[in-house]
Amino acid sequence: MSYSPVSKTQTFEATRLTLISPKPYDDVLTSLYSSIGSPDAVGEWPKMAGKISKSEDAREQFTNAVNSLVGPHGFMIFQTKEFNHGAWIPLFGTGEGLKSKRIILGNPLIAITMLKHDINAGLFVPVEILVLERKEGTEITYDLPSGLIAGLNKDPELVKAAEILDAKLAGLLKHALS
């Protein structure tokens, strides 16, 4: 049997933010990792998720396990491997030899506050940031989660939950850059 997919295009507007600090790149990463966990800890999320039973207290087990992994700002590192663009882009004459990493971070307990209103929020949680070394310090660039998550669905509860994520993420990033 053959199927013919149907394409649906939707356009929405997003907001990109760049936070700039004179703090050195390696110090920013140290501060960030102290709050979300080191890249070595990323394997904890799949292990934890795999251990949750199907028992009546599974939700409580999951919540407790997540809370044990998140840092002081409420996030954990998610991606099993960082995207270290700074390691390869100099081969093509770009990046000026400066360091650059894309990091995926989040918290399932924050994500569910949005996913329960729109499963499509899963396209944008966990969130991504790009940490760039600059000659004069460090930049962190990211797309404002609420614009991505609620760009098409203006459900007030979804918007409110996404704006809470915005504030939590901004707090984490300002901490890392301070």
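Quick note on numbering: the sequence shown equals residues 3 to 180 in the working numbering.
Positions of the beta carbon are idealized from the N, C-alpha and C atoms, including for glycine.
Between residue i and residue j, what straight-line distance do the alpha-carbon atoms span, to the nearest angstrom?
{"i": "residue 36", "j": "residue 73", "result": "8 Å"}
{"i": "residue 23", "j": "residue 179", "result": "6 Å"}
{"i": "residue 123", "j": "residue 147", "result": "9 Å"}
{"i": "residue 60", "j": "residue 67", "result": "10 Å"}
{"i": "residue 140", "j": "residue 78", "result": "21 Å"}
{"i": "residue 38", "j": "residue 13", "result": "32 Å"}
{"i": "residue 65", "j": "residue 41", "result": "22 Å"}
{"i": "residue 152", "j": "residue 33", "result": "30 Å"}
{"i": "residue 95", "j": "residue 89", "result": "12 Å"}
{"i": "residue 143", "j": "residue 155", "result": "24 Å"}
{"i": "residue 7", "j": "residue 15", "result": "26 Å"}
Which same chain residues, not among the five before or five after residue i, have their C-beta less than 8 Å away from its C-beta?
{"i": "residue 113", "result": "123, 124, 127, 128"}
{"i": "residue 117", "result": "123, 124, 127"}
{"i": "residue 82", "result": "Only weak support exists for where residue 82 lies, its pLDDT of 49 falling under 50; the value from the coordinates is given anyway. Correct list, in chain order: 44, 45, 48."}
{"i": "residue 91", "result": "97, 102"}
My assumption, with CB atoms under 8 Å, is that residue i sits in contact with residue j. Please give the rounded CB distance.
{"i": "residue 149", "j": "residue 109", "result": "About 19 Å separates the two Cβ atoms, so there is no contact after all."}
{"i": "residue 71", "j": "residue 50", "result": "6 Å"}
{"i": "residue 145", "j": "residue 17", "result": "7 Å"}
{"i": "residue 263", "j": "residue 21", "result": "The requested residue 263 does not occur in the structure, where the chain is confined to residues 3 to 180."}
Less than 6 Å between C-beta atoms, sequence neighbours within five positions excluded: which residues of the same chain meet that for residue i?
{"i": "residue 86", "result": "103"}
{"i": "residue 157", "result": "119"}
Could you pull out every residue in the same chain whose Cβ sits closer than 7 Å to the Cβ of residue i, ignoring the five residues on either side in sequence?
{"i": "residue 174", "result": "37, 75, 77"}
Open item on the list: Please give the ranges of any alpha helix (DSSP H) in the stretch 20-77, keeping only runs that are unbroken, at least 4 residues long and fully inside the region.
Closed with: 27-38, 46-53, 60-71
Task: Inter-stretch contact (C-beta, 8 Å, three-pair minimum) for the stretch 93-113 and the stretch 129-139 - done: yes
Open item on the list: Which complete beta strand (DSSP E) runs does the stretch 79-157 hold, if anything under 3 residues is left out?
Closed with: Segments of the beta strand (DSSP E) lying fully in the stretch 79-157: 102-108, 129-136, 139-145.
Open item on the list: Assess contact between the stretch 135-143 and the stretch 162-171, defined as three or more Cβ pairs (one per stretch) separated by less than 8 Å. Is contact present?
Closed with: no
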